[in-house]
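Undergrad: If you scroll down you'll find the structure; I have some questions about it.
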Amino acid sequence: AHEVGHHVQNLLGRSAWVHAQRNRLSQADYNQLSVRLELQADFYAGVWAHYAQRSRNVLLEHGDLEEALNAAAMIGDDTLQKRSRGHVTPESFTHGTAEQRARWFKLGWTTGDLSQGDTFQAKKL
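For the sequence shown, counting from 1, position 84 maps to 93 in my numbering; every step adds exactly one.
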């Protein structure tokens, strides 16, 4: 579902806009845009789960959404860096923390409202 979120971003031109900023920004600033892009894809994945849960055509089993939240937490930049390096370097994050990823997915899942997922305008990620 996260990759479907990226597909939506491609269709809306958001991915192209972010990638066009690569040479205009410092690496740390570009990483921040990348985090916002990834968190929005997590949000869109949650929106998909929201509607899939109500659909007769898509079968979500009990525990699938909890598993998705756990997966989001396991692939947070902080979790991955701590596991691989033993320390965390926030300015190098490109996907967001475990907490951020789970929170944005959950926001999409609970609201199903695309207007709630503008991570580029959000003050708190």
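All C-beta atoms, glycine included, are put in the ideal place defined by N, C-alpha and C. Quick caveat: nothing in here was measured; it's all calculated off a predicted structure.
#1: Would threonine 103 pass as a contact of glutamate 12 if the rule is Cβ separation under 9 Å?
#2: Does DSSP classify glutamate 108 as helix, strand or coil?
#3: Please state whether DSSP places histidine 96 in a helix, a strand or coil.
#4: Cutting at 8 Å between CB atoms, please list the residues of its own chain near glycine 121, excluding the five before and the five after it.
#5: For alanine 29 and histidine 16, what's the separation of their Cα atoms in angstroms?
#6: Looking at the secondary structure, which residues open and close the alpha helix (DSSP H) in which aspartate 51 lies?
#7: Within 10 Å of its beta-carbon, does glycine 72 have 16 or more other beta-carbons around it, so buried, or fewer, so exposed?
#8: On the premise that arginine 45 lies in contact with tyrosine 39, defined as a C-beta separation below 8 Å, what is that separation, rounded to the nearest angstrom?
#9: Are glycine 116 and glycine 126 closer than 9 Å when you measure CB to CB?
#10: Cutting at 6 Å between CB atoms, please list the residues of its own chain near arginine 110, excluding the five before and the five after it.
#11: Hey, quick one: how far does the alpha helix (DSSP H) through arginine 31 stretch, first residue to last?
#12: Once you ignore the five residues that flank leucine 123 on each side, which residues in its own chain have a CB closer than 7 Å to its CB?
TA: Based on what the coordinates show:
#1: no
#2: If DSSP states are grouped into helix, strand and coil, glutamate 108 belongs with the helices.
#3: Under the three-state reduction of DSSP output, histidine 96 falls in the coil class, being neither helix nor strand.
#4: In chain order, Val56, His59 and Tyr60 place their CB closer than 8 Å to the CB of glycine 121, counting only its own chain and leaving out the 5 sequence neighbours on each side.
#5: 17 Å
#6: 36 to 63
#7: Here glycine 72 is exposed, its C-beta having fewer than 16 other C-beta atoms within 10 Å.
#8: That pair is no contact at about 11 Å.
#9: Here the sequence assigns leucine to residue 116, which means glycine is not the residue at that position. Taking C-beta atoms as the reference points, leucine 116 and glycine 126 count as a pair closer than 9 Å.
#10: Asp51, Ala81 and Gly85
#11: No alpha helix (DSSP H) holds arginine 31; DSSP gives it neither H nor E.
#12: So the qualifying residues of the chain are Val56.
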